[in-house]
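Chains as they are written, first to last, in the numbering used here: chain A, 242 to 529; chain B, 18 to 331; chain C, 2 to 674; chain D, 972 to 1329.
Here a beta-carbon is modelled for each residue, glycine too, at the ideal position from N, C-alpha and C.
Small disclaimer: the values here were computed from a predicted structure and weren't measured.
Presented below is the structure to which this report refers.
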Amino acid sequence: MTVTEVSAETAAQPNAEPEGDGAPTAAPERVFDEVLLEISGVSLSFGGVVALSDVSFDICKGEIRAIIGPNGAGKSSMLNVINGFYHPQQGTITYKGNVRKKMRPHRAAAEGIARTFQNIALFRGMSTLDNIMTGRLLKMRRGLLWQALYWGPARDEEIVHREFAEHIIDFLEIEAIRKTVVGQLPYGLQKRVELGRALAAEPELLLLDEPMAGMNVEEKEDMSRFIIDVNDEFGTTIALIEHDMSIVMDLSDRVVVLDYGRKIADGTPDQVRANPAVIEAYLGVGHG
Amino acid sequence: MEFISFLNLVFVAPFVDMVSFPIFFAEVVIAGVLTGIMYSLVALGFVLIFKASGVFNFAQGAMVLFAALTLVGLMELGVPVLAALLGAVAVMTVLAFAVERFMLRHLINQDDIILFMATIGLTFLIQGFGEMVWGSNVKALDIGIPSESFEVGGILLNEFDLFAAGSGAVLVAVLAVFFHYTRIGRALRAVADDHQAAMAVGIPLKTIWVTVWSVAGFVGLVAGIMWGAKSGVQFSLSLIALKALPVLILGGFTSVPGAIVGGLIIGVGEKIAEIYWGPLVGGAIENWFAYMLALVFLLFRPQGLFGERIIERV
Amino acid sequence: MNEGQGAGVAATAATSAPFRPGASVDLEFDTFPKLLKRNAAVRGTRSAMREKDYGIWQSWTWAEVAAEVRAIACGLSVLGLRRGDAVAIIGDNRPRLYWTIAAVQSLGGIPVPMYQDAVADEMKFVLDHAGVRFAVVENQEQVDKLLQVWEDFPQLELVVYDQPRGLRHYRQDFLHDMANVLAAGQKFDSENPSFYDDEVAMGVAGDTAIMLYTSGTTGQPKGVVLTHENIYLTAINAAQQEGLTERDESLAYLPLAWVGDHIFSYAQSYVTGFCVSCPESSDTVLTDLRELGPSYFFAPPPIFENILTTVMIRMEDASALKRKMFSYFMGVARRAGANILDREPVGVVDRLLYWLGGVFVYGPLKNTLGLSRVRICYTAGEAIGPDLFVFYRSIGINMKQLYGSTEASVFITIQPDGEIKPDTVGTPAPGVELKVADDGEVMFRSPGVFKEYFKNPEATAETKTPDGWVHTGDAGLIDEDGHLKIIDRLKDVGRLVDGTLFAPKYIENKLKFFSHIKEVVAFGNQQKFCTVIVNIDLEAVGNWAERGGITYSSYQELAARPQVYDLIQEEIEQMNSELAKEQNLAGSQIHRFLLLHKELDPDDGELTRTRKVRRNFVAEKYSTVIEALYGTADHCQITTEVTFEDGRKGTISADLAIRDVRTVTAGEQLAAE
Amino acid sequence: MLYRETGQFKISYAADQSVFPIAQDRWFIAAALAFAFLVVPWIANEYMLQAVLIPLLIFSMAAIGLNLLVGYAGQLSLGTGGFMAVGAYMTYKLTTAFPDLNIIVAFLLAGLVAAGVGLVFGIPSLRIKGFYLAVATLASQFFLLWLFNKVAWFYNYNSSGTITAPPREMFGVVVTGPTATAEVRYTVALSIVVVFAIIAKNLVRGRIGRSWMAVRDMDIAAEIIGIRPFQTKLMAFAISSFYCGVAGAMLVFLWLGSAETEAFSINESFNVLFMVIIGGLGSILGSFLGAAFIVGLPIFLTNAPQWFGAAMPIDLQKHIEIMLFGSMIIFFLIVEPHGLARLWQITKQKLRLWPFPY
């Protein structure tokens, strides 16, 4: 409320929509033809509980792909399968042309798959900056001895990655909480930091598990803008799970709908919206 | 050549010995079972507290010592055995109240490791207090348990050991009844699953803690009597706690049957190892064998004997 | 205080203040681009600019700045910028925007900085009036605003943006990324190495250096044309008086379009070579201020007031011991601090106590506020409360008031070191001649006097006399020590129907010095008595309310609470009794007041962008309220239009209570004394 | 209050990431180091050095090691004593086998052996966590001590079963053995601890430290961002054991002069764990503070009654001391479960914000 008062109006200004108000921007046609990830015939069960059965779909390079479905439809399990946390009993996953069998999550990370979690999975004892820096760990190479000295190559490396992390901080507009321990941050900001950590890994495929869960309208708008910007600026392919239908339909290029672990629809938002099976799943007898 | 003889010593000779002298082997096993029961008694105290409050109570060993010291001390003052027993139970209950009032209450919602450290502090406190009040010299404990030896089928048995085994079994049975048929017992089980649920049952956490620490104190007293009657009441009693730990990892921190079966496995395993393999390496392997056994076991079954398989979720 | 207003009775030989001649133009470096080249040559490795970005203070030396400016200039010329073209510069305080000013000056163009928070419609007038051809803007937000009004301005040819974020898919060919402009400029420069130097050499002192639009409390903004000579001489005169050197540090956080920022963060830096730093974002100004620790600092009174309010609120939450210590040492500071700062004799005990206070209170306090290295601290723009002023001075911050205007290239008077009076604005700056005209209006003549109002000869003639004297429009007087004292805007000074003098600003300021009162609008001209509309300070009153257990959920609710009315009434009555002591103004005591249901807001046009009240606009908008104030009812109904933070419009209506206030007559006053 | 940070702005990442970004901290540390190196050896008496300062340094070293494992990597270990014993016995073997080997080099080599042993005993961390792992680490404690007790090779078959520090020189000065002065041993210990504290700080603020903390805070998330949990944990075990090993070597060679396995008993393991927790998990500074607390408390408790002229029987005094020790630990955990380092942090924050409360 003090000095910021003078400049607060800047922030308060309506952030006009880029396409809004007759600005002569033509939204470019979005065409995706290169398959980045292909899921085919994946089935997954725990004991007797079937989480996914015979699910197949693909994710193309550069698109925003939404996975939707009622609670318990197997959406999170799907993400867990993609980044190697669960190993499906049947089916194959083809990522960047390589058919994948068993793979540990850290391998998936090394292959360029990053993700965020439904229940924030930040390192609560570390600062925002350190959390984002952990996203760079994969890219850091200097060994123990250099690290011990924190000198020469190790320090240079640290600085290079710090610079990268700072660009992400700038991108996500979280400068003010750079050195705050994340455990103390409000929920919406934690979500943003988690996105930052995933981005720090420079992923080719970014998996977002309910990035807007529990947010208010304003926070949701911010997050949507960041997701679009990430896709735009870095060309990152994004697969996301989200409950807020209006946001899903706005954001995504294609939507796959799961229900009871099966795929019931797949297509553009308009196609999915018109699909009777989807309407049934959402409006029919709810299951949880 | 030497290598072959080494293989022989390690992998053949001990088994040949076992088969050649079955009676001796049986005696070893029985001795192991009996020690195992003692371990189980101590481990039981750990499990009770861990199950109900998530506290890894390192002071259980000290509680065993303190209970036995109190009993012996009262008897030395001329108190009759039964009254001394009741007195010891009362003292352990007071201790439970004090622990809740002065320690646990202030550490709610702290990390597990903090609570764990606090119980180590408690260990020192109880030990120092017990020895200050009752003195630190070794005391004989005789509450009239017979210790005549007799033979069954060529196997030498000791009445004392049988008595110990019997009381162990009775104690477990009593606890089982307590947990299944009393309101507070059911609440304790509920607490182990979910603190909120326990609150909903309507029993305050405070009561639960005091009860469970009292029961653990009582179990400690029984263990203390057994060990004390066998080898005298002394400082080293509190070290028995360390022996109970591998039992715990083997049996699982939250499983009463686990504590018993784990105790038996450790007791028997360590006796056999000591007798048949110990001489090869200079003996005294009892100190660490139990840990190694538990460790190797854990590598194959991380959740312990009776723990549930953990499905990791994200 | 009243002679100036005394209907010209005082003197036709208008009181004039001492005149000290200032510096003259160094012909070799008579424009800012030339000064930049000089700085690059004589202090090339010293830091010239810094910006907190990506977590650290990115720094540029004078040599680097010179290179950047050169590249931008060449790039702009590649894009077609020619001498005399106007270039709008819109955005927050960012180094590249400051460099753009220099780059445009190098090419003989006219930089026109604009307020970055203006909405598109507000920009229209300036863009049109200045005939802007190019716009250099900070980011997508500004680009979007320009695109909104693009069709209306055929003469606006292209837009250069500094930050490409979000602009990737904008396909318009008139949008250029600054990075590309720089690259093109470097290429052009390497092919035409003498181009830039030739262009710079063509500039002369009399060229237009910058055009600044004054927001103006009435009517359309006016474009004040200032030459290199104007700015250069004013900047160097003040810098010399204050002893500014290249070792000073300043933080650039006020709008680029404001003349103060142009002088403090640009001109004086180029003249003396000190380093100017830009904060990371508007949210982090306070943190950045604390990190940077400027030695040369400027802020308008509201900012200092907010800082003090925060200090007091934070201290309220401190432990009792700390509060005791704080209030004890603040007492010591009030007693001795200002005198020590002014090098006046102070007793040994007080000196010792003040030293202790420095260790325990003032030092840490200044440190947490980021003001511990401040050597010169200016405040201006409006009157500052004496308590506020004394507070900062007593803890050892050399705060000084200055009086200035865009038309003067800022400096008219400055409080000289050692001669600080809270109620005056000091003596004329070097090179400034000052006089008070017969009607009480303050007039000045100086090297900084503006060339003209752009495309507005009538206004120029109205303001500037043929022999160079400028009408300030302020009523004031010069005291026996040659210090200027400002009373009010001349045109606002009015009379009650009985002829009593009515100086609304004077009353408003007096009330605004109470921390609970944020904004006041006084009425009384041609009325029987004076009334005020009050805006409470949400933070201060909110805190007060919380301590008193008064609940509220919004500004409107809080302002309607009777307890709050009581609080404000008490303060108004206190002011009335003070006013009663001043002969000529005793008649303008407040009789009735009300607390407005909404905060006056620049977005609603009630305040200027520099947060000055637009008196006539408010009078018109709230005419029903004013009528009620002069009626007899104890409440009134009002519906107003408001602009929400997201730009939507809406209306709010309220029923406002009106209170009568006790006034003090001369007789009572005597009895009281 | 003492902090005047205004104007201490950073123009490079290197400066921003330095260990002590605040100038006042740098001055304080420099002054403290100068005092410890240049003044203490001249003014401290034999008792002060031998009973307080040297053990303080040695236990700080061990505490740093354990803190790396427990506080940073989140792996609870109760086997510190065993790893210290490895360092001590290996140094003994090395320096008796190669008398010309520089004793510091012997320390480091012994530390490397300890690291290897730690690596082996860290393997269970692949499968088990928390208290299960803590109990498992007790295996190393008991097994290693048993090994050094039973296998005469480790103590060169001498009849007493103890290892004794032989006199060894560095730069012509005797640094170990009965003839080494306390001042020299203190200085050597101080040098080692300072160097390794800096190394530890470097490790935890870089890639390795962040991997540890990530695994500590949430191992699943750590794995998903590409950290290999097993390697990371093993490295923590190895490095931690290295520190403990060197500390064990220092314990025998720079402090006690001779020792049996008893010197590395389970109690020592607990003591070091106490230091880490009371000092503050995840804080290098805390390791020093915790060591000072745990080393200093018994000395204080022993001496305090005499200051008040109260005399009591030795064994009573001993019991009261144990009780007080236990109660102080409980009290401390209740008052500040995050340790002295957090207490210092809070104080420092208060000083930085002075006179404001927040």
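For residue 342 of chain A, the secondary structure class from DSSP, reduced to helix, strand or coil, is coil. If you draw a straight line from the Cα of residue 260 of chain C to the Cα of residue 1257 of chain D, it comes to about 53 angstroms. Not a single C-beta of chain B is nearer than 8 angstroms to the C-beta of residue 1324 of chain D. Using a Cβ-Cβ cut-off of 8 angstroms, residue 410 of chain A is close to 55, 56 of chain C, given in chain order. Residue 320 of chain A is not a Cβ neighbour of residue 1179 of chain D, given a cutoff of 8 angstroms. When DSSP assignments are scanned along the region 415-488 of chain C, the uninterrupted stretches of alpha helix (DSSP H) that are 4 or more residues long and fall wholly within it turn out to be 458-464. Those residues of the region 319-334 of chain C placed with their C-beta closer than 8 angstroms to a C-beta in chain D are 319, 320, 323, 326, 327, ordered along the chain. A straight line joining the alpha-carbon of residue 93 of chain B with that of residue 152 of chain B spans about 12 angstroms. Counting of Cβ neighbours within 10 angstroms places residue 619 of chain C among the buried residues, the total reaching 16 or more. In the same chain as residue 1232 of chain D, and ignoring 5 residues on each side of it, the C-beta atoms closer than 7 angstroms to its own belong to 1056, 1116, 1119, 1120, in chain order. 259, 262, 263, 265, 266, 270: these are the residues of the region 252-270 of chain B whose beta carbon lies less than 8 angstroms from some beta carbon of chain D, given in chain order. For residue 484 of chain A, there is no enclosing beta strand (DSSP E), since its DSSP letter is neither H nor E. Taking CB atoms only, residue 248 of chain B has no neighbour in chain D less than 8 angstroms away. Residues of the region 392-417 of chain A with a C-beta less than 9 angstroms from any C-beta of chain C: 403, 404, 406, 407, 408, 410, 411, 412, 414, 416, 417, listed in chain order. Residue pairing by DSSP places residue 287 of chain A opposite A:290 in a beta bridge. Under the three-state reduction of DSSP output, residue 112 of chain C falls in the strand class. Per DSSP, residue 278 of chain C lies in no alpha helix (DSSP H); the unbroken beta strand (DSSP E) holding it starts and ends at 276-279.
Any Cβ of chain C closer than 8 angstroms to the Cβ of residue 1328 of chain D would place that residue at the interface, and such an atom is present. Around residue 1124 of chain D, no beta-carbon contact reaches into chain B at under 7 angstroms, the shortest distance being about 12 angstroms. Taking a C-beta cut-off of 8 angstroms against chain D, the contacting residues of the region 134-148 of chain B are 134, 135, 137, 138, 139, 140, 141, 142, 143, 144, 145, 146, 148, listed in chain order.
Residue 419 of chain A belongs to the set of residues whose beta carbon lies under 8 angstroms from a beta carbon in chain C.
In the displayed model, residue 357 of chain A falls within a strand according to three-state DSSP. The three-state reading of DSSP puts residue 212 of chain C in strand, counting E and B together. In the structure shown, the three-state DSSP call for residue 598 of chain C is coil.
If you draw a 10 Å sphere on the C-beta of residue 331 of chain A, you find fewer than 16 other C-beta atoms in it, and that means exposed. Taking 8 angstroms as the cut-off between beta carbons, the residues of the region 333-367 of chain A near chain D are 345, 346, 347, 349, 350, 351, 355, 356, 358, 362, 363, 364, 365, 366, 367, in sequence order. The C-alpha of residue 68 of chain B is placed about 24 angstroms away from the C-alpha of residue 243 of chain B.
Neighbours of residue 51 of chain C in chain A, taken as residues at a C-beta separation under 8 angstroms, are lacking, since the least C-beta distance is about 16 angstroms. Going by beta carbons, residue 300 of chain B and residue 80 of chain B fall outside the 8 angstroms limit. Any Cβ of chain D closer than 8 angstroms to the Cβ of residue 123 of chain B would place that residue at the interface, and such an atom is present. Residues of the same chain with a CB within less than 7 angstroms of the CB of residue 104 of chain C, apart from the 5 flanking positions on each side, are 70, 73, 74, 77 in chain order. Against chain C, a Cβ distance below 9 angstroms from residue 473 of chain A picks out 167, 169, 170. The residues 431, in chain order, have a CB closer than 6 angstroms to that of residue 21 of chain C in the same chain once the five nearest residues on each side in sequence are set aside.
Between residue 269 of chain C and residue 527 of chain C, the alpha-carbon positions lie close to 45 angstroms from each other.
Nearest CB-CB separation between residue 26 of chain B and chain D: not below the 8 angstroms threshold. Residues 1164, 1258, 1259, 1262 of the same chain have their beta carbon placed closer than 7 angstroms to that of residue 1031 of chain D, with the five preceding and five following residues left out of the count.
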